[in-house]
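The end of the sequence shown is residue 1822 by the numbering used here, with every number in the run present. The beta carbon of each residue, even a glycine, is placed where N, CA and C say it ideally should be. Here is the structure we will look at, set down as structure tokens.
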Amino acid sequence: MRRAVVCLILSGVLVASVLPVPAAAVTRVGAMGRALDFIRARQYTNGGFGERGRPASEQLTAWAIVAIASAGHDPNTFKRGRSPVTYLASQSGSWRSTTDFARTTLAVVAAGKNPRSFGGVDLVAKILDAVVQDGSGGDRIGPMVNSHIWSMIALRAAGEDVTEEQIGWLRGQQNSDGGWGYGQNVRSDSNDTAAAIQALIASGESRDSTVVRNAVAYLKRVQCPDAGFSYMGSMSDAASTSWVVQGLVAAGESPGGAAWKKGSHTPLSRLCALQADTGAVRYTASRFQNPLFMTVQAAPAFALRPFPVKFSSHFSSAPSLAPVFRLMRPVPNSSLSKGSSVRVSFSVIDPYNGTGVPSGNISVRIDGVARSKSVRGGSVVVEAGRLSVGTHTIAVSATDRAGNSATMADWKFGVGAAVAAEGPARSGGAQAAASTAATGSAETSGSAATSATASGETTVYTGAPDGTLADDKSGSGDESRGLDFWAENLDVDLDETEAGFLGRFGPAGVYPALGLAFLVPAVGGVSLIRLCTDKSRRRRRKSRRG
């Protein structure tokens, strides 16, 4: 009697994610993917975002909207129940200060909405109402230098002109050391200096102007020994380093370049090194404080996007960042021979350079009974043994390090009998697609939408901790090897090869006629393609263009 043997294979991220990530290996692209993973896990069903154990916050939600847009995603589609944009509009009663209106304007513009009519409020008019003639040779917006800076950025985001008097007033507040402080005649700090650079550049100031070059020189002088920046003092923090990275980009500097390197780090790599394996960004190297706030501040810096971040028609819909189940065996809705010794198998990937799914965060139930699993050289095996004749149901769940959960409870197969469940069974070894969807967040014990797709015997690839594409080294020997190609140089024989594409922050596309499934990059660069086949079944072949 034929014995049904199917191995439970986890994608490379499940193995690689349990290993420490060397600082030098961390890239801003990988950091952005993990940051989005963490941000998603902190979204509530009302659409808003909040720190763990606290209610949704309009301030955090506004910054989260900007962070999502900086990654090239449409914030309106980043939904858990409601969208963050809908939640923010419902909080208009909490906007009171000039900086409230400025911050909200930045979020509204990043979401592609009208700041002159949002939540029943004309945000632009509220900012302009704060203009004060203070007799110092210009027009101040709001009570402080800080409020003036952010109002200038918000007005430019909304497409409003900033007057020469307003620009001149900010120039006049620059201290003799080249920096700006929170208020007038206040000691310079890195945060307000970096924000002032962005405000001036957004308002038309030349990068080569004396005021900008003096500000950059100030930042160079106050850079911390570890290559990051602090508000004041010598211990760098994530929020300060994030704003400075953005300010340097606005000024035409390279925050990841040699000119800003100290020791083994640059400002950008120092910021990346502050990220934990959950995707959250630490306040300092040794201290967690308000991790969601730090993460939404870091995201635009990971993307090298200065303020203001504006909505684009090229933004992609937000992806589901929950784990995804694939390569399910037994094939859903299939039937095994009576007396077969069954091994249940599937793979789990955490897409978009996610935080990864440790094997300990995966549970399997067969017919409602929890089953133990073993890890062998990168594969996880659940031995079901001989099952009774009839239909059996498998329920699996997985939670990534950020806290995003996925469940699949309707995976059925039969033993010695037809499956007593609706749904087409596929022939030729291809598996039927199955999907489940639910709403909620890890913090409210809900689960996010997931899907499982047909992949045949092809090895699964997923984002690795270093932001590259990681191949699956599961099993013994050299069972799977991958070849990286730039998209424009790819030319393969699809008769011998199944290709799986993973891109950077883009919408998924499936082309079954070609046997291809890939993600199209929405921001910056060209997507790396991972090409792989199972060597025990097919020869891999690369053909070059002439």
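Outcome for residue i when other beta-carbon atoms lying within 10 angstroms are tallied against a minimum of 16
| i | result |
| --- | --- |
| Val1492 | buried |
| Ser1831 | Only positions 1277 to 1822 of the chain appear in this structure, which leaves residue 1831 out of reach. |
| Gly1533 | exposed |
| Gly1435 | exposed |
| Ala1784 | Because Ala1784 sits at a pLDDT of 34, beneath the cut-off of 50, its placement in the model cannot be relied upon, and the point is left open. |
| Asp1465 | buried |
| Arg1662 | exposed |
| Asp1771 | Summary for Asp1771: the model assigns pLDDT 29, below 50, so the residue's position carries little reliability; its value from the coordinates is reported in the next sentence. Asp1771 is exposed by the Cβ-count criterion. |
| Ser1613 | exposed |
| Asn1467 | buried |
| Phe1564 | exposed |
| Asn1422 | buried |
| Tyr1737 | Per-residue confidence for Tyr1737 stands at a pLDDT of 26, beneath the threshold of 50, marking its modelled position as unreliable; no derived number is given. |
| Gly1856 | The shown model of the chain, from 1277 to 1822, leaves out residue 1856, and the question about it has no answer. |
| Gly1528 | exposed |
| Ala1577 | buried |
| Pro1501 | exposed |
| Ala1299 | Residue placement at Ala1299 is poorly supported in this model, since its pLDDT is 41, which falls under 50; the coordinates still yield a value, given next. Ala1299 should be labelled exposed. |
| Asp1437 | exposed |
| Asp1405 | exposed |
| Val1645 | exposed |
| Asp1754 | Bear in mind that a pLDDT of 26 at Asp1754, under 50, signals an unreliable position, so the number given afterwards is only what the model happens to contain. Exposed, because fewer than 16 other Cβ atoms sit within 10 Å of the Cβ of Asp1754. |
| Ser1482 | exposed |
| Val1665 | exposed |
| Asp1626 | buried |
| Glu1440 | exposed |
| Ser1452 | exposed |
| Asn1461 | exposed |
| Gly1509 | exposed |
| Pro1331 | exposed |
| Arg1328 | exposed |
| His1590 | exposed |
| Asp1376 | buried |
| Arg1463 | exposed |
| Asp1350 | buried |
| Arg1304 | buried |
Opening and closing residue of the beta strand (DSSP E) in which residue i lies
| i | result |
| --- | --- |
| Gly1690 | 1681 to 1691 |
| Val1525 | Premise fails: Val1525 lies in the alpha helix (DSSP H), 1514 to 1526, not in any beta strand (DSSP E). |
| Asp1415 | 1415 to 1417 |
| Arg1619 | 1617 to 1625 |
| Gln1409 | 1407 to 1409 |
| Ala1694 | Per DSSP, Ala1694 belongs to no beta strand (DSSP E) and is neither H nor E. |
| Arg1647 | 1645 to 1647 |
| Val1600 | 1600 to 1605 |
Rounded distance between the beta-carbons of residue j and residue i, thought under 8 Å
| i | j | result |
| --- | --- | --- |
| Gly1459 | Ala1503 | The pair is not a contact, with the Cβ atoms about 29 Å apart (cut-off 8 Å). |
| Ser1593 | Thr1321 | The Cβ separation is near 19 Å, so there is no contact. |
| Thr1631 | Thr1554 | 6 Å |
| Gly1454 | Asn1490 | 4 Å |
| Ile1403 | Leu1431 | 6 Å |
| Gly1326 | Leu1312 | The Cβ separation is near 17 Å, so there is no contact. |
| Val1525 | Phe1505 | Wrong, their Cβ atoms sit about 14 Å apart, outside the cutoff. |
| Ala1579 | Met1308 | 6 Å |
| Phe1622 | Arg1602 | 7 Å |
| Met1266 | Ala1475 | The question about residue 1266 has no answer here: the residues shown for the chain are numbered 1277 through 1822. |
| Thr1486 | Ile1315 | Not really, about 39 Å apart at Cβ, beyond 8 Å. |
| Trp1371 | Val1397 | 7 Å |
| Gly1395 | Ala1471 | Their Cβ separation, rounded to whole angstroms, is 25 Å, which puts Gly1395 and Ala1471 out of contact at 8 Å. |
| Val1624 | Val1633 | 5 Å |
| Arg1841 | Gly1306 | Any question about residue 1841 goes unanswered here, given that the chain covers just 1277 to 1822. |
Opening and closing residue of the alpha helix (DSSP H) in which residue i lies
| i | result |
| --- | --- |
| Val1438 | Segment: none, Val1438 is in no alpha helix (DSSP H) and carries neither H nor E. |
| Val1640 | No alpha helix (DSSP H) contains Val1640, which is instead part of the beta strand (DSSP E) from 1638 to 1642. |
| Arg1489 | 1486 to 1498 |
| Ala1671 | Element bounds for Ala1671: not the alpha helix (DSSP H) but the beta strand (DSSP E), 1666 to 1675. |
| Gln1449 | Note, Gln1449: premise wrong, no alpha helix (DSSP H); not H, not E. |
| Ala1478 | 1466 to 1478 |
| Ala1549 | 1543 to 1549 |
Residue i CB to nearest heavy atom of the ligand ATP below 6 Å
| i | result |
| --- | --- |
| Gly1523 | Among the ligands in the structure shown, none appear at all, so the ligand ATP cannot be discussed. |
Checklist entry - Going along the chain, which unbroken runs of the alpha helix (DSSP H) with 4 or more residues stay wholly within the stretch 1312 to 1398? => result Taking only runs of at least 4 residues, the alpha helix (DSSP H) segments lying wholly in the stretch 1312 to 1398 are 1334 to 1346, 1360 to 1365, 1374 to 1386.
Checklist entry - Between the stretch 1673 to 1686 and the stretch 1584 to 1599, are three or more C-beta pairs nearer than 8 Å? => result Contact between the stretch 1673 to 1686 and the stretch 1584 to 1599 is present: 3 or more CB-CB pairs across the two stretches fall below 8 Å.
Checklist entry - Along the chain, which unbroken stretches of the alpha helix (DSSP H) at least 4 residues long are found entirely within the stretch 1554 to 1590? => result You should have 1567 to 1578.
Checklist entry - Looking at C-beta atoms only, is the number of pairs between the stretch 1338 to 1356 and the stretch 1602 to 1618 that lie closer than 8 Å three or more? => result No, the stretch 1338 to 1356 is not in contact with the stretch 1602 to 1618.
Checklist entry - Looking at C-beta atoms only, is the number of pairs between the stretch 1372 to 1392 and the stretch 1346 to 1362 that lie closer than 8 Å three or more? => result With the rule of 3 Cβ pairs closer than 8 Å, the stretch 1372 to 1392 counts as touching the stretch 1346 to 1362.
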